[in-house]
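> Residue numbers for the sequence shown follow our numbering, beginning at 3 and rising by one. The beta-carbon is built from N, C-alpha and C at its ideal position, and this holds for glycine as well. Here the structure is a predicted model, which means the values were calculated and not measured.
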Amino acid sequence: MNNSMNRFLIFCLPLLLPFSMVAQANKEKPAVTYEELYDEPYSVNKFFIGFQPLYGELFATNANAGFGVEASYYYKDKLDFKAHFRKTYSSNFFDFNRQAALDNSDLDFTNKPQIFNYFELGGTYHIKDFDEAGKTKMVLYKKSLRGNKWAANVPLRAEVPCKVRKIYGVRLGGIHWKSTVDLNRALKEQGLTNADLVNNNGEGLLPINPITGAVRNVAVFSNLSTTNIYIGGSAAWFRNVAVSFEKYEEGLDDGLLTLFFDVIFAPGLTLDPVTYLGQDYATNAVKTSSFGFRAGIDGKFNRTMSWSYGGEVGIRPSIAGQGFYIMFKIAFPVFGTNLDYKVESFGK
3 MNNSMNRFLI
13 FCLPLLLPFS
23 MVAQANKEKP
33 AVTYEELYDE
43 PYSVNKFFIG
53 FQPLYGELFA
63 TNANAGFGVE
73 ASYYYKDKLD
83 FKAHFRKTYS
93 SNFFDFNRQA
103 ALDNSDLDFT
113 NKPQIFNYFE
123 LGGTYHIKDF
133 DEAGKTKMVL
143 YKKSLRGNKW
153 AANVPLRAEV
163 PCKVRKIYGV
173 RLGGIHWKST
183 VDLNRALKEQ
193 GLTNADLVNN
203 NGEGLLPINP
213 ITGAVRNVAV
223 FSNLSTTNIY
233 IGGSAAWFRN
243 VAVSFEKYEE
253 GLDDGLLTLF
263 FDVIFAPGLT
273 LDPVTYLGQD
283 YATNAVKTSS
293 FGFRAGIDGK
303 FNRTMSWSYG
313 GEVGIRPSIA
323 GQGFYIMFKI
333 AFPVFGTNLD
343 YKVESFGK
C-alpha cells in the first residue's frame, strides 16, 4: 500500500509543480503605487504627417508595394481630415502587372504601362465625441533590466484607471487610383478571348501568323483609372495618460486607434483601349464593377515624433472579379504638432 502511494505521489508531483509555481509567482507579485501625471485624452496634437517607407497590397487587379505619405488634421471635437498618397518604388519593386507588361506586351509603344498611383482625401464628422472612465495596462520597467535581463524577464503589468475619449463619426471622401491591368487574365476569367477586343471595322484582335497561318496569341495589357466616392462610419478610442510608478519608470499610454467601414462607388471608371500594329481595339467587352466596400484600422501615437500603422481589407471598384484586396502600411517617422506657436508677452 505504501509503495503504491509513493508511486502515485511521484507520478502526480510533475503535474502539480506548474500550479505550485504559478501560485508562488502570484504571491511574489509586488503591489505598486503610482501618481497620475496627466490624463487628458482631448489634449492631443491637431496635425500629424508621416512618411510611409513601406506599404504592401495583395490586390487581385495588380499586386503592388511601395511608399507613401499620409497627413491627418483634427479640428476641435467636431471634424477630422485625412489625405493620403502612395505609389510603387519601381516596376521591379513592386508593380506586378507593369513589370509583366514591360517584359511581355505585344502592343504598340503608345500603350505605355501605367505606374500604380493612389490618392485619397476625406473627412469625418464627429456625431458623438465624449469621454468616459476606462482602464489601461502599463508595463512596469526598470533601467536595471536593460538588455539580456529584460529579454529574459516576464514583464509585469499594472492596470491603471484613465479617461477614454470615444468618437463616433460619419466619413465622406474621394479616392483616385491608376494601374496597369492584365487583359488576357481578365478576358479568360470572364469567358472571353482577344476576339472580343474589336477595332472600328468590327474585327477582333486575332492576328494571323504569316508563316504558319495560325492565329497568333497576343499578350495584351491596358491601363485602368478609377475615381471613387466613399461614405461610411468610424469609431475611435483616444488615450493620453501618464503616471509615475514607485520604484519603476514612468508609464505612458497615448494611443489613438480608429476602426472604420466604407461603401465605395466609382462614377468614373475607364479601361483604356489598346493599340496593335497601328489599329485601336476597344475594351468595352471587359466587364467592370463600380461598387465596393472596405473595413480598416488606423493607429498612431500622440507624440512629437513617433510611428503609425494601418490596414484595410475589402473589394474595390475594378475589373469584375478582380476587386478583392488586402493592404497594410507602416509610417515612420510621424511628426505631430498642435499648431499652437503663440507665447504670452509682457511689457516692462
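(1) Taking the CB atoms as reference points, tell me whether residue 387 and residue 274 lie closer together than 8 Å.
(2) Between the beta-carbon of residue 117 and the beta-carbon of residue 89, is there less than 8 Å?
(3) Take residue 232 and list the residues in its own chain whose beta-carbon comes closer than 6 Å to its own, dropping the five residues that flank it on each side.
(4) From the DSSP output, in three-state form, read off residue 196 for me.
(5) If I follow the unbroken alpha helix (DSSP H) through residue 191, where does it start and stop?
(6) What would DSSP say about residue 80, mapped onto helix, strand or coil?
(7) Count the other CB atoms, across all protein chains shown, that sit within 10 Å of the CB of residue 307; report buried if there are 16 or more and exposed otherwise.
(8) Identify, in the order they occur along the chain, each residue of the same chain with its Cβ nearer than 7 Å to the Cβ of residue 103, setting aside the five sequence neighbours on each side.
(9) Under DSSP, the alpha helix (DSSP H) around residue 100 begins and ends at which residues?
(10) How would you label residue 185, buried or exposed, when you count the other beta carbons within 10 angstroms and need 16 or more for buried?
(11) What did DSSP end up calling residue 114 once you bin it into helix, strand or coil?
(12) Would DSSP call residue 145 helix, strand or coil?
(13) Buried or exposed: where does residue 2 fall if 16 or more other Cβ atoms within 10 Å of its Cβ makes it buried?
(14) Contact defined as beta carbons within less than 8 Å: I believe residue 171 pairs with residue 127. What is the distance between those atoms, to the nearest angstrom?
(15) Would residue 76 be called buried (16 or more neighbouring beta carbons within 10 Å of its own) or exposed?
(16) Drop a sphere of 10 angstroms on the beta-carbon of residue 177, count the other beta-carbons inside from all chains shown, and report buried for 16 or more, exposed for fewer.
This is what the structure holds:
(1) Any answer about residue 387 is impossible in this case: the structure gives the chain only from 3 up to 350.
(2) A contact, by the Cβ cut-off of 8 Å.
(3) So the qualifying residues of the chain are 175, 264 and 266.
(4) In the three-state scheme derived from DSSP, where H, G and I count as helix and E and B as strand, residue 196 is classed as helix.
(5) For residue 191, the uninterrupted alpha helix (DSSP H) segment begins and ends at 185-191.
(6) Coil at residue 80, not helix or strand.
(7) With fewer than 16 other Cβ atoms within 10 Å, it is exposed.
(8) The beta carbon of residue 103 sits closer than 7 Å to those of 115, 182 and 223, all from its chain and outside the five residues before and after it, given in chain order.
(9) Looking at the DSSP string, the run of the alpha helix (DSSP H) that includes residue 100 is 98-106.
(10) Under this definition residue 185 is a buried residue.
(11) Coil at residue 114, not helix or strand.
(12) Looking at residue 145 - three-state DSSP - the assignment turns out to be helix.
(13) As shown, the chain starts at 3 and ends at 350. That puts residue 2 outside it, with no answer to give.
(14) For a cut-off of 8 Å, the C-beta gap from residue 171 to residue 127 is around 6 Å, short enough to register as a contact.
(15) By the neighbour-count criterion, in which a residue is buried when 16 or more other Cβ atoms sit within 10 angstroms of its Cβ, residue 76 is buried.
(16) Residue 177 should be labelled buried.
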